[in-house]
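For the sequence shown, this note's numbering begins at 0 and goes up steadily by one.
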Amino acid sequence: MRRTDGTGHQACSALSETPRISVMNHSGKVDQDDIMRARNVLLASGRRTAREEVDAYRVLAQVSPASYLPRLVKALQHLSYDSSSGRPHPASLALCEEAVAAARAVDPADPARADLLYGALDTCQRELFTVGRRTEGLALRAEMLAIGRAQAELSRNPAVRGLRDWAAGLSEEGRHAEAADALTEWVAAVLPGGPAGGGLAWSLLEWIGALDDAGRSDEALAAFESLVGMMGAEAADDRGWMTCHLYCLIGYAQMLDTYGRGEKAVAVRQEALALLTELAATGERTSWSDYGASYWAVLLSLSGADSERSTTGGPRPPSGATPMEWSPDVKRRYFDSRVTLREEVDTLAPRAIEDPDQHLAELVRLHRVLTVRSAVYWEHRTHLFAERVRSLFDDGVGLARRLSQHRPADGTPTLAKVLMDRSTFHTAAREFGPALDDFREALSCLGEAD
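Next comes the structure, spelled out in C-alpha cells:
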C-alpha cells in the first residue's frame, strides 16, 4: 500500500516495504518461536543485516521494552539510510516515523529517553522536509526545542539544543522576527564561551542574516561590527584566518552602504584594502585546515540577498547559514533553480545586445544571482570549486563593464559590486594578486582609490 503526501511524493508504508514479523498468536501472546528466531539472529556469529536487526528488535521490544525499545529506535534509524550506497531506504520516512513512535514508548523514567527521542525526531523531521511536508517537519523541530529547553533547565546550560534548527526553519518560512529572536537568545548563550572552535563565528553570521531579514538594521550592523572585531583579533593572534577577517570586512562595508552609512563603509573598505595588500605580499599566516572558502560562500550569499529575494518564491534559505543548516527541500529547490537561471540568462543575453536600455541591467542582476548560487553549490561539494565557477565570475565582470559604459550612473556602482565579488572569489582560491587588482579597481569605481 502506498500513500501520497501533499507534494505528490509517494511515501511508502513501513508495513508494506519493511513488513514486521508476526509476533502475536490468536490468544494475543507473543509467539515463542518468533522470540527464539529473533534471539538467534542477534546471537549469531555471522554478520546480520540492518533489516534483520530491525525485525528482531521489533519482536523483542514487545517482550522486554526497557531493554529493546531503545535498540529498536537506533536500528530503525540505521535502516532508514543505507550508508554503503549513500541513499535513503525506499521507506525511509515510514521507518523514521516508526522510530519516533518507539522512542515515545520508552519509559519516561529512563534517563536516556530524552536524547533518544530527540535523535529520532531529528531524523524524522529531515525526511519530512525532504518530501515537502514542511508544517509537520517544523512541528517536530518545535518538539525538539521543547526537549532541549527541558534539558537546559536541568543542566543550567543556557545554550538550548534545537534552537538553531528552529530558527532556520522559521527563517525559511519567512517568519524573520521570530527567527531573529531565537538567534538572539542563542548568541547570548554562546557568546560568553568566546570564539574557540569557530562555532561562535557561524552563529554570529546566522544572527546577522536573521536580524537583517527582520529589518532590525541597527542590531544587524552592531552584530556585524562585533563579528569583524572578533575575527580581526583572532587573525592578529594567529588563531584565525586573515581571509575570513577580510570577507567580514567586505560584507560589513556592503551592509553599511545598504543602510546609508557610506562614510563608515569607506573606512572599512580601506581596512580591507590594507589586509588584502598584506595577503598579496605574504599569504596566510596560518596552516590549519581551511574552512575559509565555506565562510566566503556564506558571506557571498548574504551580500547577494537583495538580488535573491526578487527571484525566489516560497521558502528560501536562511540568510547567513551554511547549506548544511538548510532543510533538504529548500536546498534542492535553491540549487535546482540554477538550470532555470542559466536558461533565463542565455535568453536575455542577445536581447541585451539589441536593446541594452531595456535588458542589460536585468541581465547583470540575473547573472549575479546565478553566479552566487553556483558558487555556493560547488563550494559545498568540492574543494576544487574554483574551476567550476571561475568563468561565471569573469563573465559577470564583463557584463558589468558593459553596463558601466552604457549607463555609468548606476552601472559603475554595479561594476564595483561585481568586482568585489570576484575579488573575494580570487581570495577563496588563494589568488591574492588578482584579488587585490579587482579590489583596487572596485575602489576606483567607487571613487575611493588612493
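Glycine included, each C-beta is placed from N, C-alpha and C at the ideal position.
Our two residues, Glu342 and Val368, have alpha carbons roughly 13 Å apart in a direct line. Partner residues in the beta bridge of Pro87, as assigned by DSSP, are Tyr80.
Taking 9 Å as the cut-off, the beta carbon of Arg400 is found no closer than this to the beta carbon of Leu391. Rounded to the nearest angstrom, the gap between the Cα atoms of Val371 and Ala166 is 23 Å. Pairing Leu144 with Asp164 gives a Cβ-Cβ distance under 9 Å. Distance from the Cα of Gly303 is smallest, within the candidate group Gly282, Thr257 and Pro327, for Thr257. Counting other Cβ atoms within 10 Å of its Cβ, Pro157 stays below 16 and is therefore classed as exposed.
Here the alpha carbon of Arg36 sits roughly 39 Å from the alpha carbon of Gly147. Three or more beta-carbon pairs separated by less than 8 Å link the stretch 271-280 to the stretch 232-251, which places the two stretches in contact. Residue Thr285 holds the alpha-carbon nearest to the alpha-carbon of Arg238 among Lys416, Thr285, Trp206 and Ala100.
Look at Thr285 here: in three-state DSSP terms it is coil, with no helix or strand label. Secondary structure of Pro314 (DSSP, three-state): coil. The way I'd put it, the stretch 213-227 doesn't touch the stretch 311-329; fewer than three beta-carbon pairs between them come closer than 8 Å. Put simply, of Pro433, Leu41 and Ala49 the residue whose alpha carbon is nearest the alpha carbon of Leu278 is Pro433. By the CB criterion at 9 Å, Leu347 and Leu362 fall inside the cutoff. Rounded to whole angstroms, the gap between the alpha carbons of Ala441 and Ser422 is 9 Å. Glu171 is positioned such that its CB atom lies no closer than 9 Å to that of Val297.
Annotation note: the stretch 356-424 contains the following uninterrupted alpha helix (DSSP H) runs of length 4 or greater, listed N- to C-terminal: 384-405.
Per DSSP, the continuous alpha helix (DSSP H) segment holding Ala113 begins and ends at Arg112 to Thr129. The three-state secondary structure of Ala149, taken from DSSP, is helix.
With respect to the 9 Å criterion, Pro194 and Met229 are classified as neighbours on the basis of their beta carbons. Annotated as distal: Leu402 and Cys444, with beta-carbon spacing of 9 Å or more.
Look at Trp206 here: in three-state DSSP terms it is helix.
Spatial neighbours of Val189 in its own chain (CB-CB distance under 8 Å, excluding positions within 5 residues in sequence) are listed in chain order as Ala158, Gly198, Leu199 and Ser202.
Under the three-state reduction of DSSP, Ala351 is assigned to helix. Around the beta-carbon of Asp393, fewer than 16 other beta-carbon atoms lie within 10 Å, marking it exposed. Spanning the alpha carbons of Glu283 and Ala292 requires a straight line of approximately 13 Å. Thr257: member of the alpha helix (DSSP H) spanning Met241 to Thr257, first to last residue.
For Val62, the enclosing alpha helix (DSSP H) stretches over residues Ala49 to Val62. In this chain, the alpha helix (DSSP H) harbouring Thr183 covers His175 to Val189. Residue environment analysis places Ala90 among the buried positions, since at least 16 neighbouring C-beta atoms fall within 10 angstroms of its C-beta. Rounded to the nearest angstrom, the gap between the Cα atoms of Pro317 and Val130 is 19 Å. Leu139 and Asp121 have their C-alpha atoms roughly 8 Å apart. Burial check for His405: the Cβ neighbour count within 10 Å stays below 16, so the residue is exposed. By the neighbour-count definition (other C-beta atoms within 10 Å, threshold 16), Val344 is a buried residue. Residue environment for Ile207: buried (at least 16 other C-beta atoms within 10 angstroms of its C-beta).
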